[in-house]
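Asker: The structure's right below; bear with me while I get my questions together.
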Amino acid sequence: MSKGICGACMKRCPVNAITKDGHDKAKCRMKAYGDAAKELATSYGGDGKQTAGCALCQTNVPCEFRNPNKAVVRV
């Protein structure tokens, strides 16, 4: 959350690792690569030693395909 005005990424985070105070990377890492993620990977027939991560905060949000802070240049 760059300027604290949107918050869509905060709403998408399943473990509330993103707040107005910042990004709790340890909490995020545990969700994406912890035991529960490994068990989920195994349940889908995956290795169990590796996970796919989470990234829900980066999908279905206004800045998914563009930087909302970048000025739009009109020609």
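Basically this note's numbering = 1-based index in the sequence shown + 2. All C-beta atoms, glycine included, are put in the ideal place defined by N, C-alpha and C. Nothing here was measured: the structure is a model prediction, and the numbers come from that model.
1. I need the boundaries of the alpha helix (DSSP H) containing Ala28, first residue and last residue.
2. Taking Cβ to Cβ, would you say Cys65 is nearer than 8 Å to Arg14?
3. Tell me which same chain residues have a C-beta within less than 6 Å of the C-beta of Cys56, skipping the five on either side of it?
4. Is it buried or exposed for Thr53, if we count other Cβ within 10 angstroms and need 16 for buried?
5. Give the secondary structure of Thr53 by DSSP, where H, G and I count as helix, E and B as strand, and everything else as coil.
6. By the three-class DSSP mapping on this structure, what secondary structure does Thr21 have?
Answerer: So, from the listed chains and residues:
1. Your numbering for residue 28 matches position 26 in the sequence shown. Run containing Ala28: Lys27 to Tyr35, per the alpha helix (DSSP H) assignment.
2. Here residue 65 refers to the residue found at position 63 when the sequence shown is read from its first residue. Here residue 14 refers to the residue found at position 12 when the sequence shown is read from its first residue. Taking 8 Å as the Cβ cut-off, Cys65 and Arg14 do not qualify as a contacting pair.
3. Taking the sequence shown and counting its residues from 1, one reaches residue 56 at position 54. Taken in chain order, the residues that qualify are Lys33 and Ala34.
4. Locating residue 53 in the sequence shown gives position 51, counting from the first residue. Buried: at least 16 other Cβ atoms inside 10 Å.
5. Residue mapping note: residue 53 aligns to position 51 of the sequence shown, counting from 1. DSSP places Thr53 in coil when its eight states are reduced to three.
6. For the purposes of this step, residue 21 is taken as residue 19 along the sequence shown, with counting starting at 1. Strand.
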